[in-house]
Amino acid sequence: MELLKANVITLVEAALEAIGGDGKLVKSVLQPAREADQGDLTLPCFPFAKALRKSPLSIAEELCATMEPHESIGEIHAVNGYLNIRVNPVWLAKHLLSVGVDNGMEKPKRSVLIEHTSANPNGPFHVGRARNAILGDTLVRLHRLWGNEVMAEYYVDDMGKQVAVLAWALNALSREEVEALLEGRDPPNPLWATKPDHQHVRWYQAAQLLRKESEQSTEIEKAIGALVHASENGDEAVLKSFEAAYQPVLDGMLTTLGRLGITYDRFTKESVFVTNGDVASLMEELGTLPISKHAENGAQFLDLGERGLKGKTEFFYRRGDGSSLYATRDIAYHRWKWTQSNELINVLGEDHKLQAQQVGLTLEELGERRPEVMFYSFIKLPEGKMSTRRGNVVFMDDLLEEAKAQAAAVVNERRPDYDEETVATIAEAVGTSAVRFNIVNVSPEKGFTFRWEDALSFEAGSAPFVMYSHTRACSILRNVQQHLGTNQQAPEYTINTTMPDGLVQLLRTLALHDDCLEKVIREHRPHLFAEYILQLSNAYNGFYRDCHVIEGGEVNGFYFAVSELARQTLNRGMEALGIEPLETM
RNA sequence: GGGCGUGUAGCACAGCUGGAUAAUGCACCGGCCUCCUAAGCCGGAGAUCGCGGGUUCGAAUCCUGCCGCGCCCGCCA
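When we follow the numbering used here, the leftmost residue of the first sequence carries the number 37, and every step to the right adds one.
Below you can see the structure in the form of structure tokens.
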């Protein structure tokens, strides 16, 4: 609890000095207590034992006796060599109700460019791709909650082989040919008959089949190769035809993402850096670097082994035919990004680790900084890796439909009096929130296996659990407003000196909000904030159990103020996690 | 073969800038709706923290060796 630490650290330092210790050590040793019943802060006294020639137990006891009192300190105890400090709930309540959950840390306003999703626009969004978008969007929202200015950017790969395949197929194959080729596969879900991503992907899949298995595969490969080559040389007609091919697909993907509340501030096309000459001049500049070398056929690479890269150290940035590679364009893109913002964060799959390192090292070689990267592991199905080709994918559109249907069943069961429209609204919010939460809730670097029963769990530890706590707080607000009638003035209150356990726990949890958010922003680990919001909901439920805001026809002003602070904090936190804060459910 | 990551209760997952009794959810056992929404609350049971060594007053956490799993090691994107 940074708030308490800031208030008591000088007292602890003074106490340690008074018994002959080095006060400067306190700063690094004084830490949040591990268990809530130990207190809020703890000072393990073991590190001081040697210098003071005393046992940690007696040091803790001496410190306990020496410490000056402070209004922020509720209790202080020496236990087993630890000095445990518990916050004074009255002081904490006063602080929280006057300045809010702000813990007093400095928050210099930063401007951050976060690039995420950036999926190839060649087919519908599937759950495997979703981790990037959900983590990225959550990171964007968390930064905004912290007060940073954020640009959320989608880098559109509009000139690679994948787009070329799509463009070629849409041009060369008729609907009948496509359907004939795909016969025997799962037919497309009729629900998405008008969604272009689900439609156009059929052409892409048919083309992939032809490339692999047909007799004309070499000619097809040649045709596609020519398109790729033309696009890399900035051929405007080809780039236009690419755009015509991918844009409807991208739009379809964005519709799906929009349903999850994921939006972007800007789309930047890869081809821009080819057509505007940035890539060409970049390659010139790279060629002047001392670590740049030539291959036999004229291709060029940097030898990054000299910069500490292990394993394969040659990083090719120019092909033998003089054209650029994806990574080259990525470097040009990053140079441009540095002109847009002074802080860059990329959300990338673990398969991009090597390339991110190559790009990062190259940027440093050019005198730029390397961007920060949040890596995540892939989502797989219980049956194994997700693959469009083998047909074991879960499309996000299907998942969201299923989530909504299951949520609707729960609502119908629990609230039989709700009308159809209300049920639909709640079900949509619960479904999408549950899906998002299921994914942000686990640490990104951990492998993730998608399971329907987990994604659609509506119990404790899920988004609906959080949503439910929030609706309770909303319900209290409504009841209080009704109680106050036309006089909407919030009731006066004094802070009780004795507080039920649930209330104290809620106050302590609220006090941790900024500590957690600060860490999450610093380390790019959104799941920690998800865990915090779960804790906060749990704490609110405890408060709800112990403290009746309206009792005997009277509104308890103090309880109401705490309930409102919790409601607002929950609400903002939910927004930051992409959980829809419903008022009733 | 090399690099990076990961391994914690039946399942899932937190903790990993070293600190006390390893947190949480699911599943399991028991209790709570004349009282602000029971999608909730309270209690119980369940863990050789992958295995072996080392550093330390103290190791799930740091170092090291082994084992399992994932990803990467294209003049692809």
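A virtual CB, placed ideally from N, CA and C, is assigned to each residue, including glycine.
Small disclaimer: the values here were computed from a predicted structure and weren't measured.
query                                                                                                                                                                                 : result
DSSP three-state call for Met410: helix, strand or coil?                                                                                                                              : strand
Using the rule of at least 16 other Cβ atoms within 10 Å of the residue's Cβ for burial, across every protein chain shown, is Ala566 buried or exposed?                               : buried
So the alpha helix (DSSP H) Leu206 belongs to, where does it begin and stop?                                                                                                          : Lys197 to Ala208
So is Asp194 buried or exposed if we call it buried at 16+ other beta carbons inside 10 Å?                                                                                            : buried
If you run the structure through DSSP and keep just helix, strand and coil, what is Val245?                                                                                           : For the record, residue 245 in the displayed sequence is Leu; it is not Val. In this structure, Leu245 counts as helix in the three-state DSSP scheme.
Decide if Thr324 is buried, meaning its Cβ has at least 16 other Cβ atoms within 10 Å, or exposed.                                                                                    : exposed
Can the beta-carbon of Ala463 be found less than 7 angstroms from the beta-carbon of Val447?                                                                                          : yes
Phe431 and Pro80 - do their beta-carbons sit closer together than 7 angstroms?                                                                                                        : no
Where DSSP assigns a beta bridge to Phe623, which residues make up the other side?                                                                                                    : Because the chain is modelled from 37 through 621, residue 623 falls outside the range shown and cannot be assessed.
Would the segment 330 to 350 count as touching the segment 359 to 377 if we require 3 or more Cβ pairs under 8 angstroms?                                                             : no
Expressed to the nearest angstrom, what Euclidean distance is found between the alpha-carbon atoms of Leu436 and Gly467?                                                              : 6 angstroms
Can you check DSSP and say which residues form a bridge with Arg122?                                                                                                                  : Glu111
Hey, would you say Leu47 sits closer than 7 angstroms to Glu104, going by beta carbons?                                                                                               : yes
Please determine, among Gln235, Glu257, Ala509 and Thr230, the residue with the shortest C-alpha to C-alpha distance to Glu215.                                                       : Gln235
In this structure, how does DSSP classify Thr153 when only helix, strand and coil are distinguished?                                                                                  : coil
Give me, in chain order, the residues of the same chain whose beta-carbon lies closer than 7 angstroms to that of Val15; leave out the 5 immediate sequence neighbours on both sides. : Past the boundaries of the shown model lies residue 15; the chain is included only from 37 to 621, so the question cannot be answered.
My understanding is that Val65 touches Pro83, with C-beta atoms under 8 angstroms, so please give their C-beta distance in whole angstroms.                                           : 6 angstroms
In chain order, what are the residue ranges of uninterrupted alpha helix (DSSP H) at least 4 long that sit wholly in the segment 402 to 482?                                          : 432 to 450 and 456 to 476
Bridge partners of Pro190, per DSSP?                                                                                                                                                  : Correcting the residue identity first, residue 190 is Tyr in this sequence and not Pro. According to DSSP, Tyr190 bridges with Phe303.
Would you tell me roughly how many angstroms separate the C-alpha atoms of Val123 and Glu449, rounded to the nearest one?                                                             : 43 angstroms
Ser573 by DSSP, collapsed to three states: which one?                                                                                                                                 : helix
Between which residues of its own chain and Phe594 is the CB-CB distance below 8 angstroms, once the five residues before and five after are set aside?                               : Ala129, Tyr529, Thr530, Ile531 and Asn532
Sort Ile95, Glu38, Asp357 and Ile586 by Cα distance to Ala69 and report the nearest one.                                                                                              : Glu38
Output the boundary residues of the alpha helix (DSSP H) element that contains Leu606.                                                                                                : Gly593 to Leu613
Just the C-alpha distance for Asp453 and Thr620, rounded to the nearest angstrom, thanks.                                                                                             : 13 angstroms
Where do the ends of the alpha helix (DSSP H) carrying Leu61 lie?                                                                                                                     : From DSSP, Leu61 is part of no alpha helix (DSSP H); its letter is neither H nor E.
Using the Cα positions of Pro326 and Ile298, report the straight-line distance between them to the nearest angstrom.                                                                  : 43 angstroms
Opposite Asp382 in the DSSP bridges: which residues?                                                                                                                                  : Per the sequence shown, the amino acid found at residue 382 is Asn instead of Asp. The partner list for Asn382 (beta bridge, DSSP) reads Glu151 and Val409.
Give the DSSP bridge partners of His162, in chain order.                                                                                                                              : Phe431
Would you tell me roughly how many angstroms separate the C-alpha atoms of Trp228 and Pro144, rounded to the nearest one?                                                             : 46 angstroms
Should Pro223 go down as buried or exposed, given a rule of 16 or more other Cβ atoms within 10 Å for buried?                                                                         : exposed
Check each candidate in Gly588, Gly589, Phe579 and Ser573 and name the one with the smallest Cα separation from Pro617.                                                               : Ser573
Per DSSP, what kind of secondary structure is Pro68 in: helix, strand or coil?                                                                                                        : strand
Starting from Ser328, follow the beta strand (DSSP E) in both directions and report where the run begins and ends.                                                                    : Ser328 to His330
What are the residues that DSSP puts in a beta bridge with Ser493?                                                                                                                    : Beta-bridge pairing links Ser493 to no other residue.
According to DSSP, Ile586 sits in a beta bridge with which residue or residues?                                                                                                       : Val591
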